[in-house]
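What follows is a set of notes on a single structure, which appears directly below.
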Amino acid sequence: MAYYRRVGYVPPKRHTQHRDENGNLYYEELMGEEGFSSDSSLLYHRHLPSAIVDSQVWELPDQTTTPNHPLRPRHLRLHDLFPGDSWKDVDVVTGRRLILGNADVRISYVVAGKESPLYRNGLGDEIVYVESGDAVVETVFGALKATAGDYVILPMSTTHRWVPQGEEPLRAYAIEANSHVAPPKRYLSRYGQLLEHAPYCERDLHGPTEVLIREGTDVEVLLKHRGPGGVVGTRLVYPYHPFDVVGWDGCLYPYTFSIHDFEPITGRVHQPPPVHQVFEGHNFVVCNFVPRKVDYHPQAIPVPYYHSNVDSDEIMFYCGGDYEARKGSGIGQGSVSIHPGGHAHGPQPGAYERSIGVEFFDELAVMVDTFRPLELGEGALACEDPNYAWTWAGRGPKQ
361 MAYYRRVGYV PPKRHTQHRD ENGNLYYEEL MGEEGFSSDS SLLYHRHLPS AIVDSQVWEL
421 PDQTTTPNHP LRPRHLRLHD LFPGDSWKDV DVVTGRRLIL GNADVRISYV VAGKESPLYR
481 NGLGDEIVYV ESGDAVVETV FGALKATAGD YVILPMSTTH RWVPQGEEPL RAYAIEANSH
541 VAPPKRYLSR YGQLLEHAPY CERDLHGPTE VLIREGTDVE VLLKHRGPGG VVGTRLVYPY
601 HPFDVVGWDG CLYPYTFSIH DFEPITGRVH QPPPVHQVFE GHNFVVCNFV PRKVDYHPQA
661 IPVPYYHSNV DSDEIMFYCG GDYEARKGSG IGQGSVSIHP GGHAHGPQPG AYERSIGVEF
721 FDELAVMVDT FRPLELGEGA LACEDPNYAW TWAGRGPKQ
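So, in structure tokens, the structure goes:
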């Protein structure tokens, strides 16, 4: 994110002496991507940021996956995963249930009611979409307010915790990359500014506005990182609270972006999914489908044409409105559809003809397209609708 911010107390020249009122040096930490060759920020700590006093294994929630074999489209009902009041004792970090994953990205879902432990992801950036509820996300850079419709973008190794607000459950759809994420390249200038034809701009991105100081000793931080067999976890204990930053500046930091600030790109005939793209990572993209006017050619068919995902799996999370193309399939709020590479998919029976003459779609969805096959996590296996694959034909396999 090549968009400079400065928060708190920093010296006029980087890599020079920076002292408190008693003459004690602050400790400078460079947090940067791709070694020293990409975006970075400089943080000034009161204590040594590298000091730890303990390291233990953190047993992650079930990370096993099952291939989508034999291949078929699937429908998941995520709202079935946290029944009743079970969410009240769940937090956004340790309570995530893995839905889908491959070597590039993992998608999880959680409904939470209590504050999370301190946590950072050492594998890649996280994009967490807030389906409903409110939270304060406390980070080493400062605090972010997040509400329904917000994406919270957390750069790799950002120490943070989630603090739900109010009585409503916090529903979060977590997209964990094994890479960094950024706006689509076609919307950026060669220096990183969002261009005039981009569907959002820097004014829509909301980073921390002041530093967040917390006191404490022997403070535990959960770390997700690479290890034997894939993703593993470690519990690190720091002698002082990691939220001891008095100031920072740079182009790398967490921020929020509301799906409601995404300006849809429309046309006379149906526009392809890339016009809905909001972020990209290594081997995957994220798209928004938001309320919008639709195709206005007199012969237009507004719902999507049938298409084969030759190179990608298409994952749609339905998080608001009335999704015209899926009527009659059982899909509703909180559903996820999985349309895998190698399978032609499109509107449900009747939707193609029914959409003719429609001028506006009131729908809200987050789509992830991956360019390697996704496997099913334990959360997916626990909430699958077994009848979805046969809804286009109107009947299932012969018994």
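One rule links them: number in the numbering used here = place in the sequence shown (from 1) + 360.
For each residue, glycine too, the CB sits at the ideal point set by N, CA and C.
Quick caveat, the model's predicted, so the values are computed rather than measured.
Tell me where the beta strand (DSSP E) around residue i begins and ends.
i           : result
residue 536 : 530 to 537
residue 458 : 457 to 461
residue 472 : 465 to 472
residue 739 : No beta strand (DSSP E) contains residue 739, which is instead part of the alpha helix (DSSP H) from 738 to 742.
residue 680 : 673 to 681
residue 527 : That residue, residue 527, is in no beta strand (DSSP E); it is neither H nor E in DSSP.
residue 487 : 486 to 492
residue 729 : 723 to 730
residue 696 : 695 to 699
Would a C-beta distance cut-off of 8 Å place residue i and residue j closer than the cut-off?
i           : j           : result
residue 547 : residue 511 : no
residue 705 : residue 430 : no
residue 577 : residue 602 : no
residue 732 : residue 464 : yes
residue 728 : residue 535 : yes
residue 521 : residue 739 : no
residue 663 : residue 615 : no
residue 428 : residue 735 : yes
residue 673 : residue 751 : no
residue 482 : residue 446 : no
residue 404 : residue 611 : no
residue 677 : residue 560 : no
residue 671 : residue 621 : no
residue 368 : residue 607 : yes
residue 406 : residue 386 : yes
residue 542 : residue 640 : yes
residue 506 : residue 500 : no
residue 743 : residue 437 : yes
residue 568 : residue 484 : no
residue 723 : residue 651 : yes
residue 467 : residue 675 : yes
residue 613 : residue 398 : no
residue 636 : residue 655 : no
residue 476 : residue 452 : yes
residue 748 : residue 557 : no
residue 442 : residue 417 : no
residue 529 : residue 473 : yes
residue 737 : residue 461 : yes
residue 692 : residue 708 : no
residue 726 : residue 645 : no
So what does residue i bridge to, in DSSP terms?
i           : result
residue 368 : 607
residue 753 : Answer is none; residue 753 lacks a bridge partner.
residue 478 : 581
residue 522 : 497
residue 502 : 499
residue 510 : 618
residue 735 : 461
residue 483 : None; residue 483 has no bridge partner.
residue 554 : 548
residue 704 : 668
residue 745 : 435
residue 542 : 640
residue 375 : Looking at the DSSP assignment, residue 375 forms no beta bridge with any residue, so it has no partner.
Let's see if you can read the secondary structure: which residues bound the alpha helix (DSSP H) around residue i?
i           : result
residue 711 : 711 to 714
residue 441 : First-last for residue 441: undefined, no H or E at that position.
For chain D, find out if any of its Cβ atoms is closer than 8 Å to the Cβ of residue i; answer yes or no.
i           : result
residue 626 : This model lacks chain D altogether, as it is built from one protein chain only.
Take the Cβ of residue i as the centre, count every other Cβ of all protein chains shown within 10 Å, and call the residue buried at 16 or more, exposed below.
i           : result
residue 419 : exposed
residue 396 : exposed
residue 587 : exposed
residue 425 : buried
residue 379 : exposed
residue 756 : exposed
residue 479 : buried
residue 686 : buried
residue 668 : exposed
residue 444 : exposed
residue 619 : buried
residue 659 : exposed
residue 665 : exposed
Going residue by residue through the segment 377 to 436, where are the continuous beta strand (DSSP E) segments of at least 3 residues, counting only ones entirely within it? 387 to 392, 400 to 405, 414 to 418
At what residue ranges does the segment 570 to 616 contain a whole run of the alpha helix (DSSP H), taking only runs of 4 or more? You should have found no qualifying run.
Beta strand (DSSP E) runs contained entirely in the segment 613 to 669, provided each spans 3 or more residues: 615 to 618, 637 to 641, 644 to 649
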